[in-house]
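What follows is a single structure, written as structure tokens, with notes after it.
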Amino acid sequence: MKLVLSLALLAASAFAQNAAIGYPPQGLSVSPGSSLTVQVERPNSLTGSEEVAVVIGIQSCPGTPCISPADYMGRILYNGPFNPQYHENYNPPYENFTVQIPSSTASGTALLGVAHVTLVGAGFSPWLETLNRTITIS
Ligand SMILES: *[C@@H]1O[C@H](CO)[C@@H](O)[C@H](O)[C@H]1NC(C)=O
Ligand SMILES: *[C@@H]1O[C@H](CO)[C@@H](O)[C@H](O)[C@H]1NC(C)=O
Numbered sequence: 716m717k718l719v720l721s722l723a724l725l726a727a728s729a730f731a732q733n734a735a736i737g738y739p740p741q742g743l744s745v746s747p748g749s750s751l752t753v754q755v756e757r758p759n760s761l762t763g764s765e766e767v768a769v770v771i772g773i774q775s776c777p778g779t780p781c782i783s784p785a786d787y788m789g790r791i792l793y794n795g796p797f798n799p800q801y802h803e804n805y806n807p808p809y810e811n812f813t814v815q816i817p818s819s820t821a822s823g824t825a826l827l828g829v830a831h832v833t834l835v836g837a838g839f840s841p842w843l844e845t846l847n848r849t850i851t852i853s
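Residues in the sequence shown are numbered from 716 upward in steps of one, following our numbering.
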């Protein structure tokens with residue numbers, strides 16, 4: 716039992732860094748109402764894994780600390796399948812999502828949150844991670 720648990724933890728930590736936000740860069744300025752590419756990278760994993768979904772949300776947090784997307788995704792901009800593919804050979808597999816920044820988003824700091832659900836390991840255990848990227852609304 717203990718062994719099974721530590722193997723599961725090991726598997727979870729081995730996959731812990733698996734997705735990353737490739738775009739936008741930290742602090743990118745975007746205007747309210749404009750469309751923005753959110754690139755979610757998924758470096759190739761060792762064992763079989765199966766993608767489930769990605770959720771992209773935005774929260775406006777000018778002058779206040781942003782809340783972790785693990786607790787608060789804010790306005791949902793995308794919620795659907797994730798199908799990362801190789802494009803350029805110098806990049807890991809990724810998918811670009813084009814989302815629209817709500818026109819009511821306040822100026823200042825905003826946080827993009829990405830929730831990534833995947834099935835990992837030989838037993839395809841469900842696994843969730845959250846990522847974030849700070850942008851500036853101007
Ligand atoms: C955003 O992600 C970084 C690590 O990638 C983390 O250190 C930071 O706490 C996160 N920010 C929020 C508001 O969750
Ligand atoms: C994905 O978006 C990035 C950033 O805008 C862009 O450089 C890249 O060419 C796009 N890739 C594809 C396949 O559209």
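For each residue, glycine too, the CB sits at the ideal point set by N, CA and C.
Considering just the uninterrupted stretch of the beta strand (DSSP E) at Ser779, what are its terminal residues? According to the sequence as given, residue 779 is Thr; it is not Ser. From DSSP, Thr779 is part of no beta strand (DSSP E); its letter is neither H nor E.
When Tyr801, Glu765 and Asn794 are compared against Ile771, the one with the closest alpha-carbon: Asn794
Kindly list the residues whose CB is nearer than 6 Å to the CB of Ala825, restricted to its own chain and excluding five residues on each side of it in sequence; keep chain order. Ile773, Ser775, Ile850 and Ile852
Helix or strand or just coil, what does DSSP make of Asn806? coil
Could you tell me whether the stretch 813-830 touches the stretch 735-749, where touching means 3 or more Cβ pairs closer than 8 Å? yes
In the DSSP output, which residue or residues are listed as bridge partners for Tyr793? Ile771
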